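What follows is a short report on a single structure.
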Amino acid sequence: MKIQKLLVANRGEIACRIFETCRELGIGTVAVYSDADARAKHVREADEAVHIGPAPAPESYLKGDAIIAAAKAVGADAIHPGYGFLSENADFAEDVRNAGLIWVGPSPKAIRSMGPKDEAKRIAEEAGVPVLPGYRGEAQDAETLTKAAKEIGFPLLIKAVAGGGGRGIRLVSKAADLKAELESAVREAESAFGDGRVMLEKLVQQPRHIEVQVFGDSHGNVVHLYERDCSLQRRRQKVIEEAPAPGMPQEVRAAMTDAAVRLAQAVGYEGAGTVEFIVDGSKPLATDTFWFLEMNTRLQVEHPVTEMITGQDLVAWQLLVASGGELPLNQTEIPLMGHAIEARICAEDPADGFRPGAGLILEFGLLQPVDGETIRWDAGFETGDRVPSNYDSMIAKLIVYGDHRDDAVDQLTEALSHTQLAGVPSNTGFLRRCALSEAFRTGTHHVNWIAEQDKALTQPESDHELASLLAVADIRLDDAGGAMPWDIRDGFRANAAPVRKAAVAVGADADWLDPTSYDLPTETPLPFVTDLSPRRYAVTTGGDTVLVEVPDYDADVEAVLGGDNVSAPMPGKLLAVNVKPGDSVAKGDAVAVMEAMKMEHTLAAPRDGIVESVEAATGDQVAEGDVLVTLEAE
Numbered sequence: 242m243k244i245q246k247l248l249v250a251n252r253g254e255i256a257c258r259i260f261e262t263c264r265e266l267g268i269g270t271v272a273v274y275s276d277a278d279a280r281a282k283h284v285r286e287a288d289e290a291v292h293i294g295p296a297p298a299p300e301s302y303l304k305g306d307a308i309i310a311a312a313k314a315v316g317a318d319a320i321h322p323g324y325g326f327l328s329e330n331a332d333f334a335e336d337v338r339n340a341g342l343i344w345v346g347p348s349p350k351a352i353r354s355m356g357p358k359d360e361a362k363r364i365a366e367e368a369g370v371p372v373l374p375g376y377r378g379e380a381q382d383a384e385t386l387t388k389a390a391k392e393i394g395f396p397l398l399i400k401a402v403a404g405g406g407g408r409g410i411r412l413v414s415k416a417a418d419l420k421a422e423l424e425s426a427v428r429e430a431e432s433a434f435g436d437g438r439v440m441l442e443k444l445v446q447q448p449r450h451i452e453v454q455v456f457g458d459s460h461g462n463v464v465h466l467y468e469r470d471c472s473l474q475r476r477r478q479k480v481i482e483e484a485p486a487p488g489m490p491q492e493v494r495a496a497m498t499d500a501a502v503r504l505a506q507a508v509g510y511e512g513a514g515t516v517e518f519i520v521d522g523s524k525p526l527a528t529d530t531f532w533f534l535e536m537n538t539r540l541q542v543e544h545p546v547t548e549m550i551t552g553q554d555l556v557a558w559q560l561l562v563a564s565g566g567e568l569p570l571n572q573t574e575i576p577l578m579g580h581a582i583e584a585r586i587c588a589e590d591p592a593d594g595f596r597p598g599a600g601l602i603l604e605f606g607l608l609q610p611v612d613g614e615t616i617r618w619d620a621g622f623e624t625g626d627r628v629p630s631n632y633d634s635m636i637a638k639l640i641v642y643g644d645h646r647d648d649a650v651d652q653l654t655e656a657l658s659h660t661q662l663a664g665v666p667s668n669t670g671f672l673r674r675c676a677l678s679e680a681f682r683t684g685t686h687h688v689n690w691i692a693e694q695d696k697a698l699t700q701p702e703s704d705h706e707l708a709s710l711l712a713v714a715d716i717r718l719d720d721a722g723g724a725m726p727w728d729i730r731d732g733f734r735a736n737a738a739p740v741r742k743a744a745v746a747v748g749a750d751a752d753w754l755d756p757t758s759y760d761l762p763t764e765t766p767l768p769f770v771t772d773l774s775p776r777r778y779a780v781t782t783g784g785d786t787v788l789v790e791v792p793d794y795d796a797d798v799e800a801v802l803g804g805d806n807v808s809a810p811m812p813g814k815l816l817a818v819n820v821k822p823g824d825s826v827a828k829g830d831a832v833a834v835m836e837a838m839k840m841e842h843t844l845a846a847p848r849d850g851i852v853e854s855v856e857a858a859t860g861d862q863v864a865e866g867d868v869l870v871t872l873e874a875e
């Protein structure tokens, strides 16, 4: 049965990416959205969209019954879960099938088999897949776990059986720390997953993370599409991924991919899946230095690098298999070509502990051509979109391709230099510093490498903000010179606001450069300036973007007098709104209380006045800069 109309039970980048394949295949598309995503890019790109609830995920994207009802209401015949949210929820998969809809994913049985980490490792052992020494027993009393820990030896890891996303994991370096770390891991596991069971595992000191993309169909066929290296991680969250793995000998690739296929066959796997291995990075890759970690029963965030090196569309494969079709290629027909790298672009501030950001995107994009072959841009947001504070901070993925790994790394550092995100914080400069490092260039990085670098990767270059100010000063001096109208390079488009982009050689006899010309040395990136408004500029150097605002002295006087608005100073939740339209307030009165970063913040009236409007209510999630209360103008 060919899928005619597909509902994607997800949001952002992955929903947009699935819709792209659907358009190519002539399949109708349906988006679902929460209150926070009513104007989101994935809603705009779908043929139809259905509202499913308030902003918090448990009241919208995690409500399986609402999603199934939405599919029924618009006549969709299939549901694709994307990744995250309900993608590995066996009960949801079962409910979708019981509703008479096609589930684009593995069977509920396979999801359940690979879900609990202890059960997955038991199945792996039976399939002849190497597994790290550890304890995966049912008994969870302190005496049993302590005895098992001594037998395994220290250092070791405590892992939540139902864990995921790095939660419920504790490193125990010595026996004296075991009791406290066990209690902490159990508490977190119970809070995060409702399941406090843990397992113990021998620690690999310099681990690499290498995973194998597998694919199965309902006709008994299972293949792999080679491996990906995801060793560049922050707090066990992937940052940059690549395919194939650096330094991978053919005999090790054969052993690892064979093990992954055996595991998929053992559970009768259908659809896209990823078998993850932990690898001893202190030694050269060998057939005895990798062990099974877990299996992800869904499409991975990093699937584009596999698509780039094989020339295949994995979403198209998913839709084909879900419709009952056979895999389009057998193992010998799947090519391995060149090298691809993906960087996850997030709205977060690396210099502030990777604090997630939210708010209006003033400018976002890659300031160089995207050809789809050597550079691919998978984004869930565009300029003018608002990043909500309710969900994951990843907003786009930059994927590059080269004939060899060095080519791909060069492509990545160059592209990150020309990636601009203004209005919300960005990790692009951090990503570029990672890619420029000697460890990444030589492929000697490991899972703990970022943590070991301390602030070397998270802090922009010391002259970054100075360069930004000089760049804007140069442009404003150029403006003051009185250029002729036909010499003004403002990206003129009929019925659209002018936006100027330029690369500026700071401190030299700089002139406007053609922003489509990018033969600039990556080791000394020039500032790229986007003129957002007469007094506001986004300036990007080496991937780091700052907003430069030239003072407006009339506005400064108004600011001294207090201004008219009370705005959210950071993303958070409103705990109380103490005023209503028509109320009189005095300067300093508490007009609202919000919770952010686990602390309460009182928001005060900027001056004496009358409340003109209240733009938010108690319980609302608000983004940084959102206007909450407006006073009548004086």
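In my numbering, the protein residues as written are 242 to 875. Note that CB positions come from ideal geometry on N, CA and C, so glycine has one too. Computed from a prediction, not measured in an experiment: that's the story for all the values here.
Between which two residues does the beta strand (DSSP E) harbouring residue i extend?
| i | result |
| --- | --- |
| Gly813 | 813–818 |
| His465 | 463–475 |
| Asn251 | Element bounds for Asn251: n/a, residue is neither H nor E. |
| Glu853 | 850–855 |
| Gly514 | 512–521 |
| Met536 | 531–537 |
| Asn339 | No beta strand (DSSP E) contains Asn339, which is instead part of the alpha helix (DSSP H) from 331–339. |
Going by DSSP, what residues sit across from residue i in a beta bridge?
| i | result |
| --- | --- |
| Asn668 | Answer by DSSP bridge pairing: none, since Asn668 is not bridged. |
| Glu289 | Val271 |
| His842 | Met835 |
| Trp618 | Leu639 |
| Lys400 | Ile410, Met440 |
| Gln454 | Thr515 |
| Cys675 | Per DSSP, none; premise fails for Cys675. |
| Glu604 | Ala663 |
| Asn806 | Thr871 |
Within 10 angstroms of its Cβ, does residue i collect 16 or more other Cβ (buried), or is it exposed?
| i | result |
| --- | --- |
| Met242 | exposed |
| Leu412 | exposed |
| Pro766 | buried |
| Lys821 | exposed |
| Arg285 | exposed |
| Lys313 | exposed |
| Pro762 | Model confidence at Pro762 stands at a pLDDT of 38, short of 50, so the residue's coordinates are unreliable; what they give is reported in the following sentence. By the neighbour-count rule (16 or more Cβ atoms within 10 Å), Pro762 is not buried but exposed. |
| Ser301 | buried |
| Gly346 | buried |
| Ser472 | buried |
| Gly341 | exposed |
| Pro591 | buried |
| Thr374 | Here the sequence assigns Pro to residue 374, which means Thr is not the residue at that position. Counting Cβ neighbours within 10 Å, Pro374 comes out exposed, since fewer than 16 surround it. |
| Asn571 | exposed |
| His460 | exposed |
| Ala361 | buried |
When the Cα of residue i is compared with those of the options, which residue comes out closest?
| i | options | result |
| --- | --- | --- |
| Leu872 | Gln381, Ala827, Arg682 | Ala827 |
| Asp785 | Pro666, Asp648, Ser425 | Pro666 |
| Ile586 | Ser564, Pro569, Val556, Glu543 | Glu543 |
| Ala831 | Gly823, Leu844, Ser825, Asp824 | Leu844 |
| Pro810 | Val818, Ala837, Leu816 | Ala837 |
| Lys246 | Asp306, Ile255, Val818, Ala319 | Ala319 |
| Val445 | Gly323, Leu397, Ala692 | Leu397 |
| Val855 | Gly316, Val787, Gly823 | Gly823 |
| Leu815 | Ser825, Glu865, Thr781 | Glu865 |
| Asn668 | Ser523, Gly783, Ser678 | Gly783 |
| Pro525 | Met489, Asp336, Ile602, Lys415 | Met489 |
| Gly457 | Glu442, Arg539, Gln381, Thr385 | Arg539 |
Hey, quick one: how far does the alpha helix (DSSP H) through residue i stretch, first residue to last?
| i | result |
| --- | --- |
| Arg503 | 491–507 |
| Glu548 | 544–551 |
| Ala388 | Per the sequence presented here, residue 388 reads as Lys, with Ala not at that position. Taken as a continuous stretch (DSSP letters only), the alpha helix (DSSP H) holding Lys388 covers 383–393. |
| Thr871 | No alpha helix (DSSP H) contains Thr871, which is instead part of the beta strand (DSSP E) from 868–872. |
Would you be able to state if there are at least three C-beta pairs under 8 Å between the stretch 323–332 and the stretch 347–359?
yes
Pair every Cβ in the stretch 419–439 with every Cβ in the stretch 652–668, then say whether three or more of these pairs are closer than 8 Å.
no
Examine the Cβ distances between the stretch 295–305 and the stretch 267–278 and report whether three or more of them are shorter than 8 Å.
yes
Is the stretch 417–432 touching the stretch 384–404, taking contact as three or more C-beta pairs under 8 Å?
yes
Contact the stretch 626–633 vs the stretch 521–534: 3+ CB pairs below 8 Å:
no
So, does the stretch 607–614 touch the stretch 680–691, judging by three or more C-beta pairs under 8 Å?
no
With a cut-off of 8 Å, do at least 3 Cβ pairs link the stretch 491–502 to the stretch 449–467?
yes
Three or more C-beta pairs under 8 Å: does that hold for the stretch 567–579 against the stretch 538–556?
yes
With three or more beta-carbon pairs closer than 8 Å as the criterion, would you say the stretch 505–512 touches the stretch 479–495?
no
Stretch-stretch touch, CB-based, cutoff 8 Å, three pairs: the stretch 630–640 with the stretch 592–601:
yes
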